[in-house]
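Sequence positions in the sequence shown follow the UniProt record's numbering and run 1 to 339.
Quick reminder that beta carbons are idealized off the backbone N, C-alpha and C, glycines included.
For clarity, every value in this text was computed on a predicted model and none was experimentally measured.
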Amino acid sequence: MLRLAASRWTKAIAQARDAAARGVDLAEVARPPPPPPPPPPAPVAAAPAAPAAPVALSSAATGGAESFWLAASPTTTTLLGRLSDVQSKGSTPGKKAPTPAKAKPATPAKPAPTPPKPAPAKPPAKSPPKPKTTKPQLVGNPLLVLCDMNGTLVHRSKTVLPVSAKAAVVENGTHYYARDHAEDLVQFLCDAATPSDPARRRVVFAFYTSMREANAQPIARYLTRGKRADMYERKFNKDDASGENAWDTMRDLPKVWGTPAKAAHGFDETNTLVIDDTHRKMREYPSNVLVVPTYDEATVRKGGDDALEYLAAYIDALLDHPDDIRTAVDDRPFVAPSF
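Structure follows, in structure tokens:
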């Protein structure tokens with residue numbers, strides 16, 4: 001073992017001497033070239049180097065040979081230092097122990113991108129406000145009287161009836177036979193719009209028929225004698241699903257009351273009377289109807305009746321009743337005399 005070490009030392013010394021003679025630093029030969037050094041600072045005058053101390057090698061290191069001295073140059077000193085380290089560590093001189101690689105710091109994970117905030121929902125479009133329909137103020141506690149025409153005030157016929165009385169109006173091949181006292185009743189109701197006694201209720205009169213207006217106007221002009229009266233024609237009626245005939249209708253009073261710019265606008269069931277020849281059309285408002293016998297061809301042939309004269313007297317008495325008209329009608333129902 002000692003001989004192997006001495007042989008290594010002898011070889012190393014020979015290499016050191018050769019390197020010193022050539023001016024080569026053996027330390028630079030034994031290790032890989034370092035990275036390029038930074039630019040050197042400005043040169044400074046160096047003090048003269050002290051002579052290197054001689055290095056002695058014993059006979060033990062030379063395999064029993066006599067001791068000898070070497071003039072130690074910087075290169076020799078560096079080489080001997082490395083050889084001493086190699087001998088103490090038992091490794092081959094000139095090989096540097098690998099430096100453990102430094103662990104790279106873990107790159108922090110990038111945070112997940114924040115999802116974009118959803119756009120705020122648009123509020124639903126508001127529908128335009130509906131115009132407020134205010135009930136008109138009725139002056140003078142009026143009473144609305146709506147009067148049916150065919151079967152109540154007149155009888156219509158497509159032919160001339162064999163009677164002594166003549167038709168009141170003939171229009172477009174239709175003969176209108178006016179009932180007895182029909183003119184008097186209509187004139188009374190039109191004049192009651194401006195009562196002579198302010199304590200009495202005034203009347204707002206209008207025709208209410210299931211005929212078309214074009215068919216109703218000829219006899220309406222005859223009965224009013226030119227005075228103003230509104231007309232509520234067929235479109236102000238509604239179909240009667242339980243009627244015997246497909247053309248049967250019922251009275252649509254809410255439509256009558258709710259139509260602006262007409263006579264009945266603003267009235268209701270507390271101040272409305274309907275004169276008709278049947279309960280069927282007014283069965284939804286039984287306390288608002290005054291029923292008279294139907295004026296038909298048989299009645300015309302018989303010579304007429306006085307039902308409307310009795311009706312005018314009954315309505316005249318109601319004008320002294322200031323409260324809900326239904327109460328007065330229920331307390332004293334109208335009963336037309338039989339003829």
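Go through its chain and collect everything with a Cβ distance to residue i's Cβ below 7 Å, but skip five positions before and after it.
{"i": "R228", "result": "none"}
{"i": "T299", "result": "D305"}
{"i": "N150", "result": "R156, T209, M211"}
{"i": "D320", "result": "R200"}
{"i": "D18", "result": "none"}
Beta-carbon within less than 8 Å of residue i's beta-carbon, same chain only, minus the 5 sequence neighbours each way: which residues are those?
{"i": "P337", "result": "D306, A307, Y310"}
{"i": "L273", "result": "L143, L144, V145, L146, N288, V289, L290, I315, L318, I325, V329"}
{"i": "D184", "result": "L308, E309, A312"}
{"i": "P322", "result": "N141, R201"}
{"i": "P286", "result": "H279"}
{"i": "D277", "result": "D148, G151, T152, V291, V292, P293, T294, Y295"}
{"i": "Q217", "result": "M231"}
Leaving out five residues on either side along the sequence, give the residues of the same chain with a beta carbon under 6 Å from the beta carbon of residue i.
{"i": "F188", "result": "A312"}
{"i": "V203", "result": "L143, V145, L189, A192, A193"}
{"i": "F334", "result": "L290, Y314"}
{"i": "K238", "result": "M250, D252"}
{"i": "P195", "result": "R202"}
{"i": "G140", "result": "R202"}
{"i": "I219", "result": "V154, V169, Y176"}
{"i": "R234", "result": "S210, R212"}
{"i": "D248", "result": "D240"}
Provide the residue(s) that pair with residue i in DSSP beta bridges, ordered along the chain.
{"i": "L273", "result": "V145"}
{"i": "L290", "result": "I275"}
Would you identify the three-state DSSP class for residue i, choosing helix, strand or coil?
{"i": "L153", "result": "coil"}
{"i": "D240", "result": "coil"}
{"i": "F205", "result": "strand"}
{"i": "K332", "result": "The amino acid at residue 332 is misidentified as Lys; the sequence shows Arg. R332: coil per DSSP, three-state reduction."}
{"i": "Y310", "result": "helix"}
{"i": "D230", "result": "strand"}
{"i": "M282", "result": "helix"}
{"i": "R17", "result": "helix"}
{"i": "A178", "result": "strand"}
{"i": "E66", "result": "Legend: pLDDT at E66 = 41, less than 50; position of this residue unreliable, value from coordinates given subsequently. Residue state, collapsed to three classes: coil."}
{"i": "T327", "result": "helix"}
{"i": "T249", "result": "strand"}
{"i": "V169", "result": "strand"}
{"i": "D184", "result": "helix"}
{"i": "S59", "result": "Confidence is the limiting factor: at S59 the pLDDT is only 42, short of 50, which leaves the residue's position unreliable, though a coordinate-based value still follows. Coil at S59, not helix or strand."}
{"i": "Y295", "result": "coil"}
{"i": "V139", "result": "coil"}
{"i": "T159", "result": "coil"}
{"i": "L319", "result": "coil"}
{"i": "V29", "result": "Annotation note: pLDDT 47 at V29 (below 50); position unreliable, coordinate value reported separately. In this structure, V29 counts as helix in the three-state DSSP scheme."}
{"i": "K262", "result": "coil"}
{"i": "K117", "result": "coil"}
{"i": "A112", "result": "coil"}
{"i": "T194", "result": "coil"}
{"i": "R221", "result": "helix"}
{"i": "P254", "result": "helix"}
{"i": "R301", "result": "helix"}
{"i": "A199", "result": "coil"}
Is it buried or exposed, residue i, if we count other Cβ atoms within 10 angstroms and call 16 or more buried?
{"i": "N288", "result": "buried"}
{"i": "Y279", "result": "Checking the sequence shown, residue 279 turns out to be His, not Tyr. Looking at its Cβ environment, which holds fewer than 16 other Cβ atoms inside 10 Å, H279 is exposed."}
{"i": "K281", "result": "buried"}
{"i": "D148", "result": "buried"}
{"i": "A182", "result": "buried"}
{"i": "A167", "result": "buried"}
{"i": "N271", "result": "buried"}
{"i": "V160", "result": "exposed"}
{"i": "D331", "result": "exposed"}
{"i": "R301", "result": "exposed"}
{"i": "D197", "result": "exposed"}
For residue i, decide whether its Cβ has a neighbour in chain D, counting only Cβ atoms nearer than 8 Å.
{"i": "R228", "result": "Structure shown: chain D not included; a single protein chain is present."}
- Stretch pair the segment 192-211 + the segment 256-264: three plus CB contacts closer than 8 Å: Yes, the segment 192-211 is in contact with the segment 256-264.
- Counting Cβ pairs closer than 8 Å, one from the segment 291-302 and one from the segment 149-169, do we hit at least three? Contact holds between the segment 291-302 and the segment 149-169, because three or more Cβ pairs, one in each stretch, are under 8 Å apart.
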